[in-house]
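Everything in the sequence shown is counted per this note's numbering, starting at 136 for the first residue and increasing by one. Quick reminder that beta carbons are idealized off the backbone N, C-alpha and C, glycines included. On a predicted model such as this, the values are computed, not experimentally measured, just so you know. Data first, discussion second: the structure below is written as structure tokens.
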Amino acid sequence: MTNNQNTNNRKIITIAIDGPVASGKSTVGQLVAQKLNFQYLDTGIMYRAITWLAYFSKTDIENHDEIKNQIINNPIKILNKMGTQISLGGKILESELRSPLIDQLVSDVSKINVVRELLVEQQRSIATNSSGIVMVGRDIGTVVLKDADLKIYLEASIQNRAQRRVVDRIKMGSPTTLPDMIEEIKKRDLIDSTRENSPLIAANDALIIDTDELDQNAVAELISNHAKK
């Protein structure tokens, strides 16, 4: 069989990777995209961008018309194939989207229906115009790309996820403690799994991978091999 084809001999061009916060989705997704020479998009960066916009423009997120207008008037553009650099209303955003402040606020913004509706529309458009994409998030296989060629759901214990995020915070110069991070992740999980629109859940046809005993390279290799079958 040729690369990136499944057992029905149909070329795989869309890979959806979902999972809770700090489950390793972003790193794994990037590795898979590199292995397959696909475009990569972490949809979380789009929600983080809108969260950044709402906070620094002092947008009232309870006013859905106001936040809708902000999104429409400040279009998001993905600037590179690996989706690591984006612009929002012409302003390039990078490391500021990974700050502890945005970490704390993003779930509340992400659960707003109009935000999800507008961003899902953009995400589908990006996938449609791509010759091959790995899209990462919390509702890719269940909402954004329900017909994705390959669906993956990554699981990991809260302990391991918290340890990963503590390491990330240290690298960013914003250290925190493991107990505090465990509590933060529990809160994020509750919001993500109970929101009315697009709750975090594995798609029925997703391949579920427990990453506790696997490093990220091994997970990426496993997914890439499935895509190439």
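Does the separation of the CB atoms of residue i and residue j fall below 8 Å?
i, j, result
"T346", "V279", "no"
"K286", "G276", "yes"
"A184", "L240", "no"
Identify whether residue i lies in helix, strand or coil by the three-state DSSP scheme.
i, result
"I317", "helix"
"S222", "strand"
"K170", "helix"
"N352", "helix"
"I293", "helix"
"L214", "coil"
"M181", "helix"
"K193", "coil"
"E252", "helix"
"K203", "helix"
"R304", "helix"
"I148", "coil"
According to DSSP, residue i sits in a beta bridge with which residue or residues?
i, result
"N288", "Note that residue 288 is Tyr in the sequence shown, not Asn. Per DSSP, D153 and I343."
"Y175", "V269"
"L228", "I221"
Could you round the C-beta distance between residue i and residue j to whole angstroms and report it? I think they count as a contact, below 8 Å.
i, j, result
"A362", "S158", "Actually they are not in contact, since the Cβ atoms of A362 and S158 sit about 19 Å apart, beyond 8 Å."
"D284", "I150", "7 Å"
"D324", "P155", "6 Å"
Sufficient close CB pairs (3 or more, under 8 Å) joining the segment 209-227 to the segment 184-200: Segments in contact, yes.
Meets three-Cβ-pair contact criterion under 8 Å: the segment 159-166 and the segment 236-250: The segment 159-166, when compared against the segment 236-250, does not touch it at the 8 Å Cβ threshold.
Touching by the beta-carbon criterion (3+ pairs, under 8 Å), the segment 239-255 and the segment 189-199: Taking 8 Å as the limit for Cβ pairs, the verdict is that the segment 189-199 does touch the segment 239-255.
Below 8 Å, how does it come out for the segment 165-179 and the segment 253-273: are there three or more Cβ pairs, yes or no? At 8 Å Cβ cutoff, the stretches touch.
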